[in-house]
Amino acid sequence: MQKSIHPPESAGPTESSLFDLLLICVRHLRMLVLLPLAVGAAVYALAHFLPRTYSSVAIVQLPNNSKMTPRQVAALLTSAVVLDPVVGQLKLATSSNTNLDRARAVLAERLRAGVGRDQLVRLEVLGPTPESAQATAQAILDSWLKSTVPSDREQADLKRRLEVASEGFRNTQQALHSLTVESPNMAAKRESGTILVALGELAGRYLEQMLIIPIELQGVPRESVRQAPTLPTEPIRPRKGLLAITAAVVTAAAIVLVLALLHLLDLAHRIPARADKLRRLRAALRASGTKKDAAHA
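Shown next as structure tokens:
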């Protein structure tokens with residue numbers, strides 16, 4: 023009984039593989055090397071002509087009794103609540119809402135606010151000149167400090183709470199005085215001891231509110247700005263080397279992509295079914311272009 027032996031199917035000339043792509047890259051090795059180098063050198067040269075940018079830095083440290091966290095401050099510094107008054111103060115936009123939104127977005131791109139490990143809020147503002155960077159940073163800090171001051175309605179509510187806390191503290195103090203001074207025999211009893219502890223805790227809570235509410239009425243104190251916005255003396259140096267390398271790598275990747283697409287199109291022309299699809303695709307594109315030209319005419 024003879025066994026039928028079928029020869030292994032060999033890969034056809036139209037099959038695309040990584041080896042084919044490697045061969046294509048080797049054939050165009052000079053272009054893959056020289057063109058990215060030329061683009062990188064051009065980007066490196068153009069980086070010297072980029073507009074100068076200056077950075078002003080300010081540091082904020084919140085007081086220990088502040089209800090705000092450093093992360094909340096960093097988020098508020100880049101919010102519309104703080105930036106909109108700055109846009110109006112520096113006249114960065116007209117009165118239309120569209121220009122206001124655009125100006126706010128442009129201003130937000132010029133600043134960075136972050137929190138370090140030491141819980142200090144660091145504000146960095148970029149500007150075309152040292153004076154503009156410092157003035158913008160100062161305007162942002164002033165707007166933020168103003169936003170922490172309660173509104174008239176909130177101030178009225180805080181004042182009512184302060185009056186209630188003050189009266190409650192006086193009442194608890196009088197009750198403690200009555201139990202401990204006027205009736206010392208009553209204070210020695212076990213039940214009176216429990217009452218004294220409860221009155222002491224209640225007086226402590228009232229006292230805490232009496233200390234915190236006046237601070238809330240004033241907002242975050244200006245002394246929280248530990249470092250005022252600096253006046254930069256040197257511009258930020260662009261990373262010319264990194265820009266050149268990035269441009270060269272992107273150019274090389276684009277060349278490889280174009281070569282791979284051209285190779286795939288060449289393979290498609292060799293396969294009858296794919297070639298027919300390509301012809302129909304080209305015909306559809308031509309028909310679409312003709313319709314657009316007729317519509318414009």
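To get my numbering, take the position in the sequence shown, counting from 1, and add 22. Note that the Cβ used here is the ideal one computed from N, Cα and C, for glycine as well.
Run the CB neighbour count on residue i, radius 10 Å, all protein chains shown included, and call it buried at 16 or more, exposed below.
i: Thr268; result: exposed
i: Gln240; result: exposed
i: Ser200; result: exposed
i: Leu145; result: buried
i: Ala243; result: At residue 243 the sequence reads Pro, which differs from the Ala that was named. By the 10 Å Cβ count, Pro243 comes out exposed.
i: Pro251; result: buried
i: Gln156; result: buried
i: Gly222; result: exposed
i: Leu279; result: exposed
i: Val247; result: buried
i: Ile258; result: exposed
i: Ser254; result: With the sequence shown as reference, residue 254 is identified as Pro, and Ser is not the correct amino acid for it. Buried, because 16 or more other Cβ atoms sit within 10 Å of the Cβ of Pro254.
i: Val95; result: buried
i: Val219; result: exposed
i: Val143; result: buried
i: Val186; result: exposed
i: Ala64; result: exposed
i: Val82; result: buried
Is residue i helix, strand or coil when you go by DSSP?
i: Ala209; result: Any reading at Ala209 needs caution, since the residue's pLDDT is 48, under 50, leaving its predicted position unreliable; the model's value is listed next. Here Ala209 sits in helix by DSSP.
i: Lys226; result: Per the sequence shown, residue 226 should be read as Gly rather than Lys. Three-state result, Gly226: helix.
i: Asp42; result: helix
i: Ala135; result: strand
i: Ser77; result: strand
i: Gln83; result: coil
i: Ala305; result: helix
i: Val104; result: helix
i: Arg261; result: coil
i: Val247; result: strand
i: Val242; result: coil
i: Glu146; result: strand
i: Met90; result: coil
i: Gln141; result: coil
i: Phe71; result: coil
Inspect the beta-carbon positions of residue i and residue j and report whether they are closer than 8 Å.
i: Pro172; j: Glu256; result: no
i: Ile162; j: Leu122; result: no
i: Arg132; j: Gly149; result: yes
i: Leu72; j: Ile277; result: no
i: Lys262; j: Tyr66; result: yes
i: Thr158; j: Leu224; result: no
i: Pro107; j: Ser154; result: no
i: Ala270; j: Leu54; result: no
i: Ile46; j: Leu283; result: no
i: Leu114; j: His285; result: no
i: Ser88; j: Val147; result: no
For residue i and residue j, which I take to be in contact (beta-carbon distance under 8 Å), what is that distance rounded to the nearest angstrom?
i: Val137; j: Pro92; result: 4 Å
i: Ala130; j: Leu105; result: 6 Å
i: Ala275; j: Gly62; result: With a Cβ gap of about 13 Å, Ala275 and Gly62 do not count as contacting.
i: Ile235; j: Leu184; result: 4 Å
i: Met232; j: Ser188; result: 6 Å
Touch check for the stretch 227 to 234 and the stretch 187 to 196: three-plus C-beta pairs under 8 Å?
yes
At least three beta-carbon pairs within less than 8 Å, the stretch 100 to 109 to the stretch 176 to 192
no
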